[in-house]
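Taken in sequence, the protein lines are chains A and B. Every letter in the first sequence is one number past the one before it in UniProt numbering, and letter 34, counting from 1, is 34. Every letter in the second sequence is one number past the one before it in UniProt numbering, and letter 313, counting from 1, is 313. For glycine and all other residues, C-beta sits at the position ideal for the given N, C-alpha and C.
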Amino acid sequence: MTPIAAKRPLQLNDQGQLRHFLSLDGLPRELLTEILDTADSFLEVGARAVKKVPLLRGKTVCNVFFENSTRTRTTFELAAQRLSADVITLNVSTSSTSKGETLFDTLRNLEAMAADIFVVRHADSGAAHFIAEHVCPNLAIINGGDGRHAHPTQGMLDMLTIRRHKGSFENLSVAIVGDILHSRVARSNMLALKTLGCPDIRVIAPKTLLPVGIEQYGVSVYHDLAQGLKDVDVVIMLRLQRERMNGGLLPSEGEFYRLFGLTEQRLKLAKPDALVMHPGPINRGVEIESAVADGPQSVILNQVTYGIAVRMAVLSMAMSGQTAQRQLNAEEAN
Amino acid sequence: MRTAIIGARVIDPSSGLDQVTDLYIEGGKLLAIGNAPAGFSAETTLDAHGLIAAPGLVDLSVALREPGYSRKGSIASETLAAAAGGVTSLCCPPFTKPVLDTSAVAELILDRAREAGHTKVFPIGALSKGLDGEQLAELVALRDAGCVAFGNGLESFRNSRTLRRALEYAATFDLQVIFHSQDHDLAEGGLAHEGATASFLGLPGIPETAETVALARDLLLVEQSGVRAHFSQLTSARGAELIADAQARGLPVTADVALYQLILTDEALIDFSSLYHVQPPLRSRADRDGLREAVKSGVISAIASHHQPHERDAKLAPFGATEPGISSVQLLLPLAMSLVEDGLFDLPTLLARLSSGPANALRLPAGRLAVGAPADLVLFDSSASTLAGDTWFSKGANCPFLGHCLPAAVRYTLVDGHISYQA
């Protein structure tokens, strides 16, 4: 007896197009490449004097953030606006939930306001899956970050950054450094790099900041920054939350910086043209030295710019996949 | 009331009986096996040709949700579900509201169970007041009110000195203690077995050591205090090894496992389905295999449903915000039979773990088919099948097996000679 019935992938429609964007798990390489290609074309839109295209005219994008965010929220807002959508942003952490309203009810109410797309950030892993499966299956649900699980638009904007600067993934060594355990960015990046054919993915962290079974991502594990950085093409630094100093994960920010902080000196171990990336917000002097963050190899601000294009790509593709599915369903009903 | 059951394959694991024969019941007791006693005239005759007659199942943990959680279940609904699953005796855990730490609550549960009349109910009292792990509940008063054992749920005693005293106090009066060994600190904040699946899903993990560290401490304190102890809801192969080691040393401890732990693994969580959210968590394939071995060898002598019905809303949230537990007592026999069908156990062994094993663990007057014993039995058809959820009496539909076609079908459940369930 098998307890789990085979299910159609939740985030794809019957034709294999994106209808939600929940995680990079199970998405084929062609689809990730399509997202990157579409984002590339939107980058040109961002460079124009009039930055709008009419792809989502008449549609309403609702940003529902149950967790604080500045960068992700504003870039989703800009992305939706550049696609000519109407945009509502709600910081739910400060409104409904404190009145005891459940996630289910909050979203059902928003759906009743005729939203077409939800961008959701939530502290619980699996929140976006829950919404797409049980709350609003007929809206396009975009995961803006769920717990430690996934941050797929961040993953794709990181891939766009790498592809635009390095051309392709086939011959790259990429190191991800820091708090992998609590990082949804790291999980999405590992999946994306693997799917796109990156042959050498390294994670560098102490054992306390690595999840059990990290090998399943096809990565090699380093506990020594110098060894791990040797000859890499890309260094992705992760943000270290201050609360990690509690409960025995790390002794101090100082010791972490001494062992795992990216300094100019250490960056020299990587290839001379290695990229330095960070999802932000950065902690200067905790995981990264200012001279590196602001230095010539840093593409941290480019990541932000590319983030808008990637989010435009995902919003427009998911809306179109969801619309196609609705038409299919309507035809079947007739 | 005189009943004759004719032509069944009668299996009694405790005596080794396994033959096609007849059963005669009078006054709630089994009067004879084989030939009808002289002058016996049945008021009811059940034609049981093709059916198996076994001791009524004994389930060591069925949350009845009364008092306090009537939206999740009631004594009437959950005991009926249990009867439909072949159960004739069940123990209900103390996490009610108010907690089962006073005689009044025990009496209320026993009254309502008698009124419902579907199964026998044996309450498990709280070991500490309010399950706080600090102050002892009035254990002797609770025993006198009908509690058969005492436990503290997953909220184990954080203070080992307090636990030691609780065990010594219980040992003074030969009271039985039930452990759900889980180290509070190692498990804190965890949602799933610490392993590849939880890591992939970004769910905080509960390491195997949450169970084994607590289990090792609990076993040593049991040895020191000499208390009668039963270890409930084992989840790990290593945990089962610790029990086996203790038994080999001569410590008379017993153990049970949740039936779903013998079937499911943490891989079931991959879609974030809250139906698989249980505490303690589903563990790895190797753990499941180790638990199966321990059941086979008898180190684990009881299989229980660990039935926890919930209302729909309790499971309608992101995984971490849902309440743990599976509603499954109604499927106890067919789900367990799927293990026989898969060749993991032979039928008498499985039935032993579901009847005499649990009854002996808590010294319950149940779990065997013997002349003079209460006529608690289940009659089932092992060649038929059960469509899970086709009929459903539990208030909780939180069952991942709904819709599955399972082997065997319960036809009759008899408690003290009365038919408490008939398909």
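Can you name the residues that DSSP bridges to Q11(A)?
For Q11(A), which the question treats as bridged, DSSP gives no partner whatsoever.
By how many angstroms is the C-alpha of V378(B) removed from the C-alpha of R411(B)?
8 Å
So the candidates are T386(B), Y169(B), E208(B); which of them puts its Cα closest to the Cα of G187(B)?
A small fix is needed here, since residue 187(B) is Ala in this sequence, not Gly. Taking only the C-alpha atoms, the option nearest A187(B) is E208(B).
Let me know the beta strand (DSSP E) ranges lying completely inside the stretch 88-145 of chain A, each 3 residues or longer, listed in chain order.
117-122
Can you confirm whether T38(A), when its beta carbon is compared against all beta carbons of chain B, has any partner nearer than 8 Å?
no
Which residues DSSP lists as bridging S63(A), in chain order
The identity of residue 63(A) in the sequence shown is Asn, whereas the question assumes Ser. N63(A) pairs with T89(A), V119(A).
CB contact flag (L269(A), K207(A), <8 Å)
no
I want to verify the contact list: residues of chain B whose CB lies under 7 Å from the CB of G213(A), in sequence order.
G195, A196, S199
Show which residues of chain B have a CB atom less than 7 Å away from the CB atom of G126(A).
L201, F272, P318, F319
What residues from chain A crowd round G325(B), counting only those whose CB sits closer than 8 Å?
Those within 8 Å of G325(B) in chain A number zero; the least Cβ separation is about 16 Å.
Rank D416(B), P309(B), L332(B), A409(B) by C-alpha distance to the C-alpha of A397(B) and give the top, closest one.
Out of D416(B), P309(B), L332(B), A409(B), P309(B) has the C-alpha closest to the C-alpha of A397(B).
Contacts of R148(A) in chain B (Cβ-Cβ under 7 Å)
Those are G202, listed as they occur along chain B.
Answer with buried or exposed for V310(A), where buried requires no fewer than 16 other C-beta atoms within 10 angstroms of its C-beta.
buried
I124(B) vs C92(B) beta-carbon contact at 8 Å:
yes
Distance cutoff 8 Å, beta carbons only. Does G7(B) sit that close to anything in chain A?
no
Mind checking the stretch 182-206 of chain A against chain B and listing, in chain order, the residues whose C-beta falls within less than 8 Å of any C-beta there?
R184, R187
For R363(B), count the other beta carbons within 10 Å of its own beta carbon; 16 or more makes it buried, fewer makes it exposed. Which is it?
exposed
Touch test, the stretch 46-56 of chain A against the stretch 28-36 of chain A, Cβ-Cβ under 8 Å, three pairs minimum
Touching, no, given that fewer than three Cβ pairs across the two stretches are closer than 8 Å.
Those runs of the alpha helix (DSSP H) which lie wholly inside the stretch 353-401 of chain B and span at least 4 residues:
356-361
Cα separation between T44(B) and L333(B)?
25 Å
First and last residue of the alpha helix (DSSP H) that includes P296(A)?
Unbroken run through P296(A): none, as it is neither H nor E.
With a threshold of 8 Å between beta-carbons, can G85(B) be considered close to chain A, or not?
no
Cut-off 6 Å between Cβ atoms - residues of its own chain near L24(A), not counting five sequence neighbours on either side:
P152, G155, S188, L191, A192
Go ahead and pull the three-state DSSP assignment for A170(B).
In the three-state reduction of the DSSP assignment, A170(B) falls in the helix class.
Cβ of T161(A) less than 8 Å from any chain B Cβ?
no
Can you check whether the CB of D271(B) is closer than 8 Å to the CB of L282(B)?
No; because the gap between Cβ atoms is not below 8 Å, this pair is not in contact.
Say whether chain B places a C-beta atom closer than 8 Å to the C-beta of T102(A).
Taking Cβ atoms only, chain B reaches closer than 8 Å to T102(A), which makes this a yes.
Can you look up R411(B) in the DSSP assignment and give me helix, strand or coil?
strand
Would L22(A) and A226(A) be called neighbours here (beta carbons separated by less than 8 Å)?
In terms of Cβ geometry, L22(A) and A226(A) do not form a close pair [threshold 8 Å].
Please identify, using Cβ separations under 9 Å, the residues of the stretch 8-33 of chain A that lie next to chain B, in order along the chain.
L10, D25
Does any C-beta atom of chain B lie closer than 8 Å to the C-beta of Q265(A)?
no
Using the three-state DSSP reduction, which class does P123(B) fall into: helix, strand or coil?
P123(B) falls in the strand class under three-state DSSP.
Between the alpha carbons of N334(A) and Q322(A), how many angstroms are there, rounded?
19 Å
Which whole runs of the beta strand (DSSP E) in the stretch 30-80 of chain B are 3 residues long or more, in chain order?
44-47, 52-55, 57-59
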